[in-house]
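> One structure, as structure tokens, below. Some questions next.
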Amino acid sequence: MRIIDMHAHVDVCEPLHWHDTATKLVKLMDEAGIEKAVVSAYLNLPGPDMTCAERLWNSIEPYKERFMMFLRMDPWFGQEAVDFLEESCRTYPVRGVKLHPAHYTLHPYGELTVNLCRKAGELGLPVLFHCGDEMMCLPLQIGELAAQCPDTVIILAHMGGYAHNRDAIEAAKKYKNIYIDTSEVPLVKEIRWFVDELGAERIFFGTDAPCCDPLVELKKVLLAGLSEEELEMVLYKNAVRVMGLEGEK
């Protein structure tokens, strides 16, 4: 069965001792049988290091058929961030946006984030949110953003976090543009629960590799008691549909 990972990372930054190379990630992907992965860096753009997008692309380009590049962004920069996203899409094969509100301390439903996410939607780019128990990363907060960006695919990472998974289900039931990824889910039974509540077509497989072992993250999904059809949707068919991968190798 095909496997597509909708949440992983690649970044190399010597001053910060980051050595998560594309080669390292490909090895982990191969061990787990993952054919393709969404990847973002660890630094936000725009920001102090404006070479981050170039560095990410240079790292993944030798394996470009294995990766989908998401820009990790900072909405605090307002129109500059919107313009940077458009410019980056002309320069690199950007396939989505990654946002981590706890890192730039901005409410996800505020005007700056809404404007950036609307632009992403106009460009056909999904937005992957770090979603968990931290302030400004709560599922219901991101749900308020989804309500203002109905044409943008919003992905809640980590199934809403350890303590807010029920809120993630509530948000996804209310706003049909919300999807969920399985990365770092603490309990296998939660995957079955989310599929029962939302339908398998709203769930993406994700690993958060290399922080998490893709083999472990995959095993959680395989042990969740999903049917063959549900497994296919979670592991690759939903990603193929939403990311427009039909016909891609």
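Per my numbering, residue 1 is the first one in the sequence shown, and the count goes up by one each step. The beta carbon of each residue, even a glycine, is placed where N, CA and C say it ideally should be. For clarity, every value in this text was computed on a predicted model and none was experimentally measured.
For the alpha helix (DSSP H) that Phe84 lies in, which residues bound it at each end?
Unbroken alpha helix (DSSP H) run through Phe84: 79–91.
> Buried or exposed: where does Met68 fall if 16 or more other Cβ atoms within 10 Å of its Cβ makes it buried?
Counting Cβ neighbours within 10 Å, Met68 comes out buried, since at least 16 surround it.
> Who are the near neighbours of Phe77 in its chain, counting only those whose CB is closer than 7 Å to its CB and skipping five residues on each side?
Closer than 7 Å at Cβ, skipping near neighbours: Pro46.
> Pull the bridge partners of Met73 from the DSSP assignment, please.
Paired residues: Leu45.
> Which parts of the segment 172–238 are runs of the beta strand (DSSP E), unbroken and 3 residues or longer, counting only runs that do not cross its ends?
Whole beta strand (DSSP E) segments, 3+ residues: 178–181.
> Helix, strand or coil for Arg55 per DSSP?
Correct three-state label for Arg55: helix.
> With 16 as the cutoff for other CB atoms within 10 Å, does Pro101 come out buried or exposed?
Per the 10 Å Cβ criterion, buried.
> Say whether the segment 134–148 touches the segment 108–125, bearing in mind that this needs 3 or more beta-carbon pairs closer than 8 Å, one atom from each stretch.
Judged by Cβ distances under 8 Å, the segment 134–148 makes contact with the segment 108–125, as three or more pairs qualify.
> Thinking C-alpha only, which one of Met136, Glu248, Ala53, Ile154 is nearest Phe204?
For the residues Met136, Glu248, Ala53, Ile154, the minimum Cα distance to Phe204 belongs to Ile154.
> Find the nearest neighbour of His164 within the set Lys176, Leu140, Pro150, judged by alpha-carbon distance.
Checking every option, the nearest Cα to that of His164 belongs to Leu140.
> Rounded to whole angstroms, what's the CA-CA distance from Ala233 to Glu201? Just pull it up for me.
One point to set straight first is that residue 233 is Met, not Ala, in the sequence displayed. Near 6 Å, if we compare the C-alpha coordinates of Glu201 and Met233.
> Name the DSSP beta bridge partners of Met68, please?
According to DSSP, which records beta bridges pairwise, Met68 is partnered with Val38.
> Please classify Asp208: is it buried, with 16 or more other beta-carbons within 10 angstroms of its beta-carbon, or exposed?
Asp208 is buried by the Cβ-count criterion.
> Run the CB neighbour count on His17, radius 10 Å, all protein chains shown included, and call it buried at 16 or more, exposed below.
Classification of His17: exposed, given that the 10 Å Cβ count is below 16.
> If we count the other Cβ atoms within 10 Å of its Cβ and call it buried at 16 or more, is Asn285 buried or exposed?
The displayed coordinates of the chain run from 1 to 249. Any statement about residue 285 would go beyond what the structure contains.
> Indicate the three-state DSSP secondary structure (helix, strand or coil) for Arg2 in the structure shown.
Of the three classes helix, strand and coil, the one that applies to Arg2 here is coil, per DSSP.
> Would you report the Cα separation of Lys219 and Gly161, rounded to the nearest angstrom?
In a straight line, the C-alpha of Lys219 is about 19 Å away from that of Gly161.
> Might you give, ordered along the chain, the residues of its own chain that have their beta carbon closer than 7 Å to the beta carbon of Ser88, omitting 5 neighbours on each side?
Correct list, in chain order: Ala53, Leu71, Val94.
> Mapping DSSP to helix, strand and coil, what is Val94?
Of the three classes helix, strand and coil, the one that applies to Val94 here is strand, per DSSP.
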